[in-house]
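A.B. asks:
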Amino acid sequence: MSPAAVTDDASLYDHPDIYEAAFGAIADAEETAFYGGFFAPGTRLLVGACGAGRVSCALSDSGYSVSGFDLSGEMIRRAAENDPAGRYEAGDLVDPPFANERFGGALVPLLGFAELGDPASARMALAALANRLDGGGAILLELPVCHDVRSVQGMRESFDFDGGDYRFDYLDAAESNGYFTAVHFEIRVRSGERCARRAGKLAVYSPEGVARLFEDAGLSEPRYYAPGEFDSRCAEPPPDCLRAVAMGRTAR
Ligand SMILES: C[S@@+](CC[C@H](N)C(=O)[O-])C[C@H]1O[C@@H](n2cnc3c(N)ncnc32)[C@H](O)[C@@H]1O
0 MSPAAVTDDA
10 SLYDHPDIYE
20 AAFGAIADAE
30 ETAFYGGFFA
40 PGTRLLVGAC
50 GAGRVSCALS
60 DSGYSVSGFD
70 LSGEMIRRAA
80 ENDPAGRYEA
90 GDLVDPPFAN
100 ERFGGALVPL
110 LGFAELGDPA
120 SARMALAALA
130 NRLDGGGAIL
140 LELPVCHDVR
150 SVQGMRESFD
160 FDGGDYRFDY
170 LDAAESNGYF
180 TAVHFEIRVR
190 SGERCARRAG
200 KLAVYSPEGV
210 ARLFEDAGLS
220 EPRYYAPGEF
230 DSRCAEPPPD
240 CLRAVAMGRT
250 AR
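The sequence shown lines up with residues 0 to 251 when you count with numbering that gives the first Met the number 0.
#1: When we look at the beta-carbon of S157 and count the other beta-carbons within 10 Å, is it buried (16 or more) or exposed?
#2: Compute the Euclidean distance between the alpha carbons of D27 and D82, then round it to the nearest angstrom.
#3: On a CA-only basis, which of R53, L58, F102 and I138 is nearest L218? Give me that one, please.
#4: At a Cβ threshold of 8 angstroms, is G47 touching chain C?
#5: Measuring alpha carbon to alpha carbon, tell me which of E174, A245, L170 and R222 ends up nearest A198.
#6: Does the pairing of the region 136-154 with the region 190-205 give three or more beta-carbon distances under 8 angstroms?
#7: Please classify T6 as buried or exposed, where buried requires at least 16 neighbouring CB atoms within 10 angstroms.
#8: Our contact map puts L44 next to F102 with C-beta atoms below 8 angstroms; I'd like the distance itself, whole angstroms only.
#9: Verify the contact flag: A48, CB atom, against every heavy atom of ligand 1, threshold strictly below 7 angstroms.
#10: Considering only the beta carbon of each residue, do G52 and G85 sit closer than 8 angstroms?
#11: How far does the beta strand (DSSP E) with A105 in it extend, from its first residue to its last?
#12: Name the DSSP beta bridge partners of L142, please?
#13: Tell me the rounded alpha-carbon separation between A57 and C49.
#14: Going by alpha carbons, who is nearest to A216 out of F22, A124, A79 and P108?
#15: Within the region 162-238, note down every full beta strand (DSSP E) run reaching 3 residues or more, in order along the chain.
#16: Threshold first: 3 residues or longer. Then list the beta strand (DSSP E) segments lying entirely within the region 7-67, N to C.
#17: Name the residue from D164, A250, S175 and S64 whose alpha carbon lies nearest to the alpha carbon of I186.
#18: Using the Cα positions of F229 and P221, report the straight-line distance between them to the nearest angstrom.
#19: Is the beta carbon of R131 less than 8 angstroms from the beta carbon of F97?
#20: Just to check, is the beta-carbon of E156 closer than 7 angstroms to a non-hydrogen atom of ligand 1?
#21: Indicate, with yes or no, if ligand 1 has a heavy atom lying under 7 angstroms from the CB of V93.
See below:
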């Protein structure tokens, strides 16, 4: 397909070049140091929903031994090109690849985990990730976390980037129980003449919802870190928080 033929109907995750134009091909030094700071140098890391390798590739460049997987074959092909030192396979968070291996840590950056829009799949995925870890290994999930999960309906985030714009809409709720709200969401990315979208269900968790999720997977109590303010650490996400990195550890 020629670049000009890409339309609004194109799936964002089938077009790594458009994704990279919006979100960057590689994480910057601050974000890389933030994720890397949870793990000893050289740790074997499992990166779920790694996309085109934005974070996994940066960690691999920093000396971590990275194995990444993603549902999208296009994204995973790009990740392998971007990071020849890493290992990449197509795979689903609810049944991760590299099944016979154990890792020192696992992470799911930038909302891939939240796209498991129902609690049963999220529980299954987190248990599967925890099972892949050595004792004491850390798991980091970037999640939308909100004290009042019902209030996210109708929220909108947008920003302009060099040559394009990005819009994220939290649409009507699909399901809500006080611990989480599944919203229909839509991301639209425009880069020059090209646009693509992603629509689906996204789970937004309350702090109690995250605590239950972690407890079910046998992880220690979650600690929160605010993405973008990488030196912050809190036992509870801030009142107006919409994104958090939640961290837990497997038992030793
Ligand atoms: C917002 S992108 C984040 C990509 C990457 N982690 C980053 O930081 O740029 C979300 C990614 O999650 C992947 N994804 C969504 N659901 C998934 C699932 N069930 N299993 C594996 N990957 C999934 C998508 O294919 C997409 O590449």
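From the three backbone atoms N, C-alpha and C, an ideal C-beta is built for every residue, glycine too. Note that the structure is a prediction, hence the values are computed from the model and not measured.
C.D. replies: Straight from the coordinates:
#1: Exposed is the call here.
#2: CA-CA distance, D27 to D82, rounds to 15 angstroms.
#3: Cα-wise, what sits closest to L218 is I138.
#4: Annotation note: the requested chain C is absent from the structure, which comprises a single protein chain.
#5: Taking only the C-alpha atoms, the option nearest A198 is L170.
#6: Yes, the region 136-154 is in contact with the region 190-205.
#7: Taking all protein chains shown into account, T6 has fewer than 16 neighbouring C-beta atoms within 10 Å of its C-beta and is therefore exposed.
#8: Confirmed, Cβ separation roughly 6 angstroms.
#9: If you check the C-beta of A48 against ligand 1, you find a heavy atom less than 7 angstroms away.
#10: The beta carbons of G52 and G85 sit closer together than 8 angstroms.
#11: Per DSSP, A105 belongs to the beta strand (DSSP E) from F102 to V107.
#12: Answer by DSSP bridge pairing, in chain order: A243.
#13: If you take the alpha carbons of A57 and C49, they lie about 11 angstroms apart.
#14: Just measuring C-alpha positions, the residue of F22, A124, A79 and P108 sitting nearest A216 is A124.
#15: Within the region 162-238, the complete beta strand (DSSP E) runs of at least 3 residues are 163-175, 179-190, 193-204 and 222-224.
#16: Counting only unbroken stretches of 3 or more residues, the beta strand (DSSP E) elements lying wholly within the region 7-67 are 43-47, in sequence order.
#17: If we check each option's Cα against that of I186, D164 comes out closest.
#18: With a pLDDT of only 48 at F229, under 50, the local geometry of the prediction cannot be trusted, and the value read off the model is given with reservation. Each residue's Cα considered, the two are about 16 angstroms apart.
#19: A contact, by the Cβ cut-off of 8 angstroms.
#20: Not under cutoff, so the answer is no.
#21: Under cutoff, so the answer is yes.
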